[in-house]
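Encoded as structure tokens, the structure appears first; notes follow it.
Protein chains: 2
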Amino acid sequence: LDDRELLQRVMEVVGKDCCLDDCAVIPAGDRYLVASTDMLHRKTDFPERMTEWQIGWTSVAVTLSDIAAMGARPCFVLLAIGLDDTSSIIPLLKGAKECCDTYGAELAGGDLDHHDELTMVSSGVGEVSRAHLVRRRGAVPGDLVCVTGIPGRAQAALEGYSEFDRFLLEPRPRVREGRILGESGATSMMDLSDGLALSLYDLSLAGDSGFALESGKIPAIPGIPRDKSLELALFGGGDYELLFTGGCDLFPVKGVEATPIGHVTSDNEITLDGSVLPRRGYQHHW
Amino acid sequence: LDDRELLQRVMEVVGKDCCLDDCAVIPAGDRYLVASTDMLHRKTDFPERMTEWQIGWTSVAVTLSDIAAMGARPCFVLLAIGLDDTSSIIPLLKGAKECCDTYGAELAGGDLDHHDELTMVSSGVGEVSRAHLVRRRGAVPGDLVCVTGIPGRAQAALEGYSEFDRFLLEPRPRVREGRILGESGATSMMDLSDGLALSLYDLSLAGDSGFALESGKIPAIPGIPRDKSLELALFGGGDYELLFTGGCDLFPVKGVEATPIGHVTSDNEITLDGSVLPRRGYQHHW
Numbered sequence: 004l005d006d007r008e009l010l011q012r013v014m015e016v017v018g019k020d021c022c023l024d025d026c027a028v029i030p031a032g033d034r035y036l037v038a039s040t041d042m043l044h045r046k047t048d049f050p051e052r053m054t055e056w057q058i059g060w061t062s063v064a065v066t067l068s069d070i071a072a073m074g075a076r077p078c079f080v081l082l083a084i085g086l087d088d089t090s091s092i093i094p095l096l097k098g099a100k101e102c103c104d105t106y107g108a109e110l111a112g113g114d115l116d117h118h119d120e121l122t123m124v125s126s127g128v129g130e131v132s133r134a135h136l137v138r139r140r141g142a143v144p145g146d147l148v149c150v151t152g153i154p155g156r157a158q159a160a161l162e163g164y165s166e167f168d169r170f171l172l173e174p175r176p177r178v179r180e181g182r183i184l185g186e187s188g189a190t191s192m193m194d195l196s197d198g199l200a201l202s203l204y205d206l207s208l209a210g211d212s213g214f215a216l217e218s219g220k221i222p223a224i225p226g227i228p229r230d231k232s233l234e235l236a237l238f239g240g241g242d243y244e245l246l247f248t249g250g251c252d253l254f255p256v257k258g259v260e261a262t263p264i265g266h267v268t269s270d271n272e273i274t275l276d277g278s279v280l281p282r283r284g285y286q287h288h289w
Numbered sequence: 004l005d006d007r008e009l010l011q012r013v014m015e016v017v018g019k020d021c022c023l024d025d026c027a028v029i030p031a032g033d034r035y036l037v038a039s040t041d042m043l044h045r046k047t048d049f050p051e052r053m054t055e056w057q058i059g060w061t062s063v064a065v066t067l068s069d070i071a072a073m074g075a076r077p078c079f080v081l082l083a084i085g086l087d088d089t090s091s092i093i094p095l096l097k098g099a100k101e102c103c104d105t106y107g108a109e110l111a112g113g114d115l116d117h118h119d120e121l122t123m124v125s126s127g128v129g130e131v132s133r134a135h136l137v138r139r140r141g142a143v144p145g146d147l148v149c150v151t152g153i154p155g156r157a158q159a160a161l162e163g164y165s166e167f168d169r170f171l172l173e174p175r176p177r178v179r180e181g182r183i184l185g186e187s188g189a190t191s192m193m194d195l196s197d198g199l200a201l202s203l204y205d206l207s208l209a210g211d212s213g214f215a216l217e218s219g220k221i222p223a224i225p226g227i228p229r230d231k232s233l234e235l236a237l238f239g240g241g242d243y244e245l246l247f248t249g250g251c252d253l254f255p256v257k258g259v260e261a262t263p264i265g266h267v268t269s270d271n272e273i274t275l276d277g278s279v280l281p282r283r284g285y286q287h288h289w
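The listed protein sequences correspond, in order, to chains R and G.
Counting from 1 along the first sequence, just add 3 to a position and that's the residue number in the numbering used here.
Counting from 1 along the second sequence, just add 3 to a position and that's the residue number in the numbering used here.
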């Protein structure tokens, strides 16, 4: 079973609604709370050269990225840590706290346990007005599909292009951009943590729509051959860029560095230059 | 380092305020949100005979117990699961969902990962009016100190008194009682998951007060010799009863089965029948 097949079984118990977005959505007066939890392990989720400080930072960043993908403002983060070595607690917490501070979230509490393998679980809560919530569903045929930044740089670092290390080791969630996109009327959104191809398939599943991409529009990674750059963007993991859709009148979005890479279709297919895009990328296998 | 020594180091980074209560407290308009996260592992936290359904139930129950200990109403729970066997996902989720349903919380979302050892992390958010929040600090010398139910039954089950299995295997968090106690004016509160003795030391640390207990007042576990029963209540883990303080006018609290076991003092000592109570009980060692 891969992650997405397992998710099908989960949906049978807990309902489809709570599985299709980057965050759970909970009504709270005239606003929504959004909430996400992410479990990460040393061997499978953190590159070997990542420091403890960077592991703390990244654990919070992935959760803030989920909150950003809903158009929401992060409020607070809880951190449950299964420590394999008590000496790592201080740098882990310092990295986590600095990431919270950078994006205006409070590191509000947590739990400590011990474990053979370092396990980090960050849970975050954000808030957003009802009008500005953005889900994975909502794209309309004819909308543009866009990405922030330059996808593929984290994977490039993983494959030895060390000039992109900071994208892999200290990912910057697009918190500011997510809120602006929500306020500007983006029609659907998610973050890119599993690569562009898989994320497009997720967005297609949630929104019952397709996408026609043009390879020439996908931002090139500077200093990497074009074919390789495209491969990294489509199938590489570890980016925390935002993937979103919106009407043509959305562009350019003031304050958001983003690139239209194709458009939304009504036929549930995902194509690149007219050919079906392979459904592969970063995912765990069971 | 034991849990509490480690906590001292954590407080140096994240601040003392976020470590002394069962939940983090976040202002939200005229109310507070309270939030807690708990990490549990198969080998250290779940008895071998616990079923997958019961593991799911218990993982949620511990978090709802933390929310109850603040006097708050549970709103939603997120569940991050590190699965050691994909076939266990359905019973785990069914147990978790039934516990949520029983106490009026929404199982709003989660994350799945795989792991050598089953790892469950439940994170819960509750809400409470500003007037009814109860913290670990707040006890006043002269207040009564009380417990709900009969502490020690989970430990009794662990030691072979199988008639108490349900307290160990399907703990019932005191959600209704916690809210009533908040609304009735309890001055401080926490849950009893680590045993009565350690919990009293935690409550003393947070509230800068002491406690004088009378052994004759601690509820006896039916069918267990008195000395053994007292040992189980004071030093056994796995209960999810509430420990709280309040003025004499608080009693009896309508709708809450609770027993005064002593009173609050101003001298920071914890005594049982006049002798210092050993600071031991259920805790992990590093």
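All C-beta atoms in this analysis are idealised placements derived from N, C-alpha and C, irrespective of residue type, glycine included.
Minimum Cβ-Cβ distance from residue i to chain R less than 9 Å
i	result
G:His44	yes
G:Arg140	no
G:Gly185	no
G:Gly32	yes
G:His287	Any reading at G:His287 needs caution, since the residue's pLDDT is 46, under 50, leaving its predicted position unreliable; the model's value is listed next. Chain R, which has a Cβ nearer than 9 Å to the Cβ of G:His287, makes this yes.
G:Val16	yes
G:Lys97	yes
G:Val63	no
G:Leu36	yes
G:Lys100	yes
G:Cys22	yes
N- and C-terminal bounds of the beta strand (DSSP E) containing residue i
i	result
R:Cys149	147-151
R:Val137	Run containing R:Val137: none; DSSP gives neither H nor E here.
R:Thr54	Taken as a continuous stretch (DSSP letters only), R:Thr54 belongs to no beta strand (DSSP E), as it is neither H nor E.
R:Glu260	That residue, R:Glu260, is in no beta strand (DSSP E); it is neither H nor E in DSSP.
G:Ala27	27-31
R:Ser39	34-44
R:His117	109-117
R:Gly129	122-132
R:Leu275	273-275
Boundaries (first-last residue) of the alpha helix (DSSP H) holding residue i
i	result
R:Phe170	168-172
R:Arg156	156-161
CB contact check: residue i to chain G, cutoff 9 Å
i	result
R:Leu10	yes
R:Ile3	Coverage of chain R is limited to positions 4 through 289, which leaves residue 3 of chain R absent and any answer about it impossible.
R:Thr89	yes
R:Ser39	yes
R:Gly284	no
R:Glu55	no
R:Phe49	no
R:Leu208	no
R:Lys3	This structure does not reach residue 3 of chain R, given that chain R is present from 4 up to 289, and the question cannot be answered.
R:Val13	yes
R:Leu280	no
R:Ile298	Coverage of chain R is limited to positions 4 through 289, which leaves residue 298 of chain R absent and any answer about it impossible.
R:Glu272	no
R:Ala27	yes
beta-carbon residue i near the ligand PLP non-hydrogen atom, thresh 8 Å
i	result
R:Glu272	Of the ligands one can find in the structure shown there are none, so the ligand PLP has no counterpart to examine.
message: Beta carbons nearer than 8 Å to chain R: which residues of the segment 103-136 of chain G have them?
response: Glu109, Leu110, Ala111, Gly112, Gly113, Asp114, Leu115, Asp116, His117, His118, Asp119, Glu120, Thr122, Val124, Ser126, Val128
query: What are the complete beta strand (DSSP E) segments, minimum 3 residues, inside the segment 164-245 of chain R?
result: 191-194, 213-216
message: Three Cβ pairs or more, each shorter than 8 Å: is that satisfied between the segment 231-244 of chain G and the segment 134-146 of chain G?
response: no
message: I want to know whether the segment 137-153 of chain R touches the segment 61-70 of chain R - three or more CB-CB distances under 8 Å.
response: no
- request: Ignoring anything shorter than 3 residues or poking outside the segment 66-105 of chain R, list the beta strand (DSSP E) runs there in chain order.
  value: 76-86
- prompt: Of all the residues that make up the segment 168-181 of chain G, which are near chain R by a beta-carbon distance shorter than 8 Å?
  reply: none
message: Closer than 8 Å between beta carbons: that is the criterion. Which residues of the segment 210-226 of chain G meet it against chain R?
response: none
message: At a CB distance below 9 Å, what residues from the segment 73-89 of chain G approach chain R? Give them in sequence order.
response: Cys78, Phe79, Leu81, Leu82, Ala83, Ile84, Gly85, Leu86, Thr89
query: Any contact of the segment 258-275 of chain R with the segment 92-107 of chain R, i.e. 3+ C-beta pairs under 8 Å?
result: no
message: Under 8 Å, CB to CB, which of the residues in the segment 144-155 of chain R have a partner in chain G?
response: none
- request: Determine contact between the segment 109-124 of chain R and the segment 158-167 of chain R, defined as no fewer than three beta-carbon pairs at a distance below 8 Å.
  value: no
task: May I ask you to verify whether the segment 63-82 of chain G touches the segment 18-30 of chain G, counting CB pairs closer than 8 Å and requiring at least 3?
output: yes
message: Three Cβ pairs or more, each shorter than 8 Å: is that satisfied between the segment 151-164 of chain R and the segment 248-261 of chain R?
response: yes
query: Is the segment 191-204 of chain R touching the segment 82-95 of chain R in the sense that three or more CB pairs, one from each, lie closer than 8 Å?
result: no
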